[in-house]
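Engineer:
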Amino acid sequence: MEKIIQWLQTFPGWCDTVLVDHIPGRTGCVGLYPLGIRVIGRKADIAGGEKLRLQSNYQLKRLTPLGQDNLPQAVWLQQLQSWILQQSRAGLAPGLGEDTHWSVRDGKLEKDRQPGVGMYSLILVAEYTK
């Protein structure tokens, strides 16, 4: 998790505090929630061993103020998603095993219970072999 947090903090303009499995009710905070690991493939080698293709999922939630124009927050979310894909293609994203590839899905705005606060979220997906 530490490698992932350190990597996310290199996103240009990142200035938020990252907490694992928690997000307090104030803006300027990001919660990173591990959603589990699942086996998506198996491959036997000639020595009788087995390599697993795994998928790890993480939900990223960011609290941000909402107003009449939320374009900057939406742009931030799109830029973060593009940056993650670029980092993965360039081999700059953290490796969780052999041949790690990162993708992003379900980027969206979720209304928070507090008036004037929104929660943007996305799912980070890492596929790798161990």
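Its first residue numbered 5, the sequence shown is counted upward by one per residue in our numbering. The beta-carbon is built from N, C-alpha and C at its ideal position, and this holds for glycine as well. Small disclaimer: the values here were computed from a predicted structure and weren't measured.
(1) Given this structure, state the Cα-to-Cα distance separating Gln10 from Trp87, to the nearest angstrom.
(2) Identify every residue that forms a DSSP beta bridge with Arg109.
(3) Hey, is the segment 39 to 57 in contact with the segment 12 to 24, meaning 3+ C-beta pairs nearer than 8 angstroms?
(4) Using C-beta distances below 8 angstroms, list every residue in its chain close to Ile8, excluding the 5 sequence neighbours before and after it, in chain order.
(5) From Ala94 to Pro76, what distance separates their C-alpha atoms?
(6) List the DSSP bridge partners of Thr68.
(7) I'd like the span of the beta strand (DSSP E) that includes Leu39, first residue to last.
(8) Excluding the 5 residues preceding and the 5 following Gln91 in the sequence, name in chain order all residues of the same chain whose CB lies nearer than 8 angstroms to its CB.
(9) Compute the Euclidean distance between the alpha carbons of Gly71 and Gly120, then round it to the nearest angstrom.
(10) Is it right to say Arg42 is buried, meaning 16 or more other beta carbons lie within 10 angstroms of its own, or is it exposed?
(11) Kindly indicate which three-state DSSP category Leu84 falls into: helix, strand or coil?
Structural biologist: In short:
(1) Spanning the two alpha carbons is a distance of roughly 15 angstroms.
(2) DSSP lists Ile127 as partners of Arg109.
(3) Taking one beta carbon from each stretch, the segment 39 to 57 and the segment 12 to 24 have fewer than 3 pairs nearer than 8 angstroms; the two do not touch.
(4) Once the five neighbours on either side are set aside, the close Cβ partners of Ile8 are Leu36, Tyr62, Pro98, Leu128.
(5) Between Ala94 and Pro76, the C-alpha separation is close to 26 angstroms.
(6) Answer is Gly122, bridged to Thr68.
(7) Counting along the chain, the unbroken beta strand (DSSP E) around Leu39 starts and ends at 33 to 48.
(8) Cβ neighbours of Gln91 beyond the five flanking positions: Trp11, Ala97, Trp106.
(9) Looking at the two C-alpha atoms, the distance is approximately 7 angstroms.
(10) Counting Cβ neighbours within 10 Å, Arg42 comes out exposed, since fewer than 16 surround it.
(11) Residue state, collapsed to three classes: helix.
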